[in-house]
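This report refers to the structure that appears directly beneath it.
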Amino acid sequence: MLARQRCYTLQSTEPLHANIVVNPVGMLEIDIPEKNQHLSSEFEHVHFKESSQGVQLICDDADCVTHKEVSLTLSRKDAFELCEIIDDAIEEYEELMTDL
-15 MLARQRCYTL
-5 QSTEPLHANI
5 VVNPVGMLEI
15 DIPEKNQHLS
25 SEFEHVHFKE
35 SSQGVQLICD
45 DADCVTHKEV
55 SLTLSRKDAF
65 ELCEIIDDAI
75 EEYEELMTDL
């Protein structure tokens, strides 16, 4: 059960990158270095939504006191890969809990 890290280029007007760590205990950590921004969200507060520019990754920022909703636009390919990684992490965690 290892965390998986990916770097994606966001579909935005300015060239931004998102370094995303999928932690198998149910957390998604997102760093946007160009904006010096860090976000954390539990898997249950993450969802994907189709848009004209790609696929929006929408999550509640757990680091924020008000739990504000954050939206990042990824390419369809990147969003699909991230969704698969999250699904794999959930399955791994469930298998581990079953084995205990």
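At position 79 of the sequence shown (counting the first as 1) the number is 63 in this note's numbering, and the numbers step up by one without a gap.
Heads up, the beta-carbon is just placed ideally off N, CA and C, and yes, glycines get one too.
Over the uninterrupted beta strand (DSSP E) stretch that includes residue i, give me the two end residues.
i     : result
Phe32 : 30 to 35
Asp45 : It is not in any beta strand (DSSP E) - Asp45 carries neither H nor E in the DSSP assignment.
Leu58 : 53 to 58
CB-CB under 8 Å to residue i, same chain, minus the five flanking residues each way: which ones, in chain order?
i       : result
Cys(-9) : His1, Ala2, Asn3, Ile4
State the beta-bridge partners of residue i as determined by DSSP.
i       : result
Leu12   : Val6, Ser25
Cys(-9) : Asn3
Leu66   : Partner(s): none; Leu66 has no beta bridge.
Leu41   : Phe32, Leu56
Under a three-way DSSP split, which group does residue i fall into?
i       : result
Thr(-3) : coil
Leu80   : helix
Give me, in chain order, the residues of the same chain whose beta-carbon lies closer than 6 Å to that of residue i; leave out the 5 immediate sequence neighbours on both sides.
i        : result
Arg(-12) : Val6, Ile69
Asp45    : Leu23, Lys52, Val54
Tyr77    : Pro8
His29    : Cys43, Asp44
Ala63    : Phe32, Val39
If you drop the 5 nearest sequence neighbours on each side, which residues of the same chain put their C-beta closer than 7 Å to that of residue i?
i     : result
Ser59 : Gln(-5), Gly38
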